[in-house]
């Protein structure tokens with residue numbers, strides 16, 4: 013009988029095959045319930061840690077999202093998968109940090125692979141109807157990374173993250189076909205149909221049609237990402253409230269009132285979140301539905317956005333594209349009436365890679381092998397026994413030119429660019445990362461240097 017060479021890749025592939033073949037009887041224990049809940053995951057685009065009233069925002073009104081926090085659990089120490097769009101969403105979908113996940117750059121050449129086990133793929137196998145609405149960015153039509161190849165039975169929105177920068181495009185995707193947006197002519201600057209409105213309406217329609225459940229609805233809005241544009245009724249809510257410096261666009265549209273526009277975009281999005289939650293309650297499925305609200309990374313300084321005026325990063329240092337806290341720490345709010353204690357606040361450290369195993373436990377299905385996250389269900393339900401990851405890890409760039417960061421407990425280490433010395437911050441005493449204490453704690457620096465070496469694995473193309 014011929015001998016078979018056993019490699020790590022062979023073992024991982026074998027584990028994946030076994031996981032896919034697991035019968036329902038071997039699924040994870042139910043998440044403290046008789047029936048798996050519906051899951052709604054709302055992901056804002058470039059919304060910083062300080063962008064919501066419940067996280068300290070004072071200039072922009074977000075009453076419905078604030079109500080979501082009052083009715084649920086708010087995390088103070090939750091992190092996006094990356095400091096920018098595509099890698100963050102890849103971490104969210106695969107449950108792997110950016111040292112392991114497939115997509116690590118905002119590049120059309122990087123897509124998910126057919127072999128990647130993703131959140132919607134897992135939930136679809138568990139019997140969930142899966143619909144995605146908004147921004148994908150992990151593979152275009154006809155590629156192995158398209159949403160339909162990763163468990164989504166329905167998709168309305170953008171596949172190319174670059175197209176998603178524009179709120180009045182000529183068309184968006186509906187499944188594998190282009191859906192024209194009435195009255196829009198991007199080249200001529202004609203703006204009639206606001207894409208976020210269409211996307212939100214499609215998500216509500218999906219929920220209505222699948223009210224009997226279980227369903228997974230991903231609402232990955234393009235707000236408040238530039239370009240800054242919003243219908244006149246929402247602009248009017250803030251017109252004249254702020255001093256303005258007109259933005260003269262090159263890539264993005266020019267705007268005479270960028271601050272009022274940004275605020276109007278956020279309040280319109282907040283209204284849409286309120287309508288979604290109200291629909292769940294009207295349909296009588298509010299108590300059967302877990303709603304999670306978060307953002308893909310920190311706030312951006314582009315297209316007329318003014319994160320300093322609005323203090324959109326709160327007390328944190330850095331913005332989008334930075335591995336300091338302001339680029340990666342984001343809101344997380346979880347509502348599940350009767351199960352998650354209303355008005356709760358937790359300092360549990362968590363991140364995008366934890367959402368896949370969390371949803372798996374909620375759905376009563378075993379998580380796939382090879383993920384980095386842990387389920388946060390004990391924290392959500394106020395129970396003991398929450399597992400802790402040994403560290404959180406982020407990277408940005410290419411091998412040989414990586415910026416890296418890691419958090420271990422309250423220690424946060426950042427190498428802002430390749431070759432730079434590692435900076436160390438004590439987040440318990442210095443949330444703004446203003447005082448580098450690396451020289452005072454060489455043993456901690458050595459420990460995290462080892463983590464940075466361990467956490468990065470060179471990516472493989474599909």
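Numbering (our numbering), first residue to last: 13 to 474. Even glycine gets a Cβ: it sits at the ideal position worked out from N, Cα and C.
Check, Outcome
"Quickly, what does DSSP pair residue 209 with across the bridge? List them, please.", "Looking at the DSSP assignment, residue 209 forms no beta bridge with any residue, so it has no partner."
"Buried or exposed, going by whether 16 or more other CB atoms sit within 10 Å of the CB of residue 37?", "Note that residue 37 scores a pLDDT of 35, beneath 50, so its modelled location is shaky and nothing firm can be said."
"Tell me which residue opens and which closes the beta strand (DSSP E) that residue 192 is part of.", "189–192"
"Could you give the first and the last residue of the continuous alpha helix (DSSP H) run that contains residue 320?", "319–322"
"On a CA-only basis, which of 93, 82, 246 is nearest residue 408? Give me that one, please.", "93"
"Please identify the residue among 387, 406, 403, 405 whose C-alpha is closest to the C-alpha of residue 397.", "387"
"Is residue 91 near residue 338, with beta carbons less than 8 angstroms apart?", "no"
"Could you tell me the distance, in whole angstroms, from the CA atom of residue 239 to the CA atom of residue 277?", "11 angstroms"
"By DSSP, does residue 312 sit in helix, in strand, or in coil?", "coil"
"Would you mind reading off the limits of the alpha helix (DSSP H) that contains residue 78?", "75–82"
"Pick helix, strand or coil for residue 186, following the three-state DSSP scheme.", "strand"
"Let me know if residue 357 comes out buried or exposed under the rule of 16 or more other beta-carbons within 10 Å of its beta-carbon.", "exposed"
"Pick helix, strand or coil for residue 443, following the three-state DSSP scheme.", "coil"
"Mapping the DSSP letters down to three states, classify residue 35 as helix, strand or coil.", "The predicted model places residue 35 with a pLDDT of 35, which falls under 50 and marks its position as unreliable, so this point remains unresolved."
"Within the chosen definition, does the segment 340–357 reach the segment 79–87 through at least 3 CB pairs nearer than 8 angstroms?", "yes"
"Taking the alpha-carbon positions, what's the residue 51 to residue 120 distance?", "29 angstroms"
"For the beta strand (DSSP E) that residue 332 lies in, which residues bound it at each end?", "It is not in any beta strand (DSSP E) - residue 332 carries neither H nor E in the DSSP assignment."
"What number of angstroms, rounded off, separates the C-alpha of residue 427 from the C-alpha of residue 296?", "49 angstroms"
"How long is the line joining the alpha carbons of residue 257 and residue 320, rounded to whole angstroms?", "14 angstroms"
"Three or more C-beta pairs under 8 angstroms: does that hold for the segment 65–75 against the segment 296–312?", "no"
"Can you tell which of 76, 226, 172, 57 has its C-alpha closest to the C-alpha of residue 347?", "76"
"Between the segment 202–215 and the segment 127–142, do at least 3 Cβ pairs fall closer than 8 angstroms?", "no"
"Measure from the alpha carbon of residue 179 to the alpha carbon of each residue in 157, 203, 172, then state which is nearest.", "203"
"How is residue 274 classed by DSSP in three states: helix, strand or coil?", "helix"
"Does DSSP put residue 252 in a helix, a strand or coil?", "coil"
"Taking only the alpha-carbon atoms, compute the straight-line gap between residue 285 and residue 350 and give it to the nearest angstrom.", "20 angstroms"
"Quick one: residues in its chain with C-beta nearer than 6 angstroms to the C-beta of residue 401, no 5 flanking neighbours on either side, listed in chain order?", "386"
"Quick check on residue 343: does DSSP put it in helix, strand or coil?", "strand"
"On the CB-based measure, 16 or more other CB atoms within 10 Å of its CB, does residue 445 come out buried or exposed?", "buried"
"In three-state DSSP terms, what is residue 160?", "helix"
"Going straight from the alpha carbon of residue 442 to that of residue 62, what length do you get?", "17 angstroms"
"Please say whether residue 58 and residue 237 have beta carbons closer to each other than 8 angstroms?", "yes"
"State the beta-bridge partners of residue 137 as determined by DSSP.", "DSSP output for residue 137 lists no bridge partner at all."
"To the nearest angstrom, how far is the alpha carbon of residue 134 from that of residue 153?", "21 angstroms"
"So who's on the other strand from residue 307, going by DSSP bridges?", "56"
"Assuming contact is defined by CB atoms lying nearer than 8 angstroms, are residue 48 and residue 376 in contact in what I supplied?", "yes"
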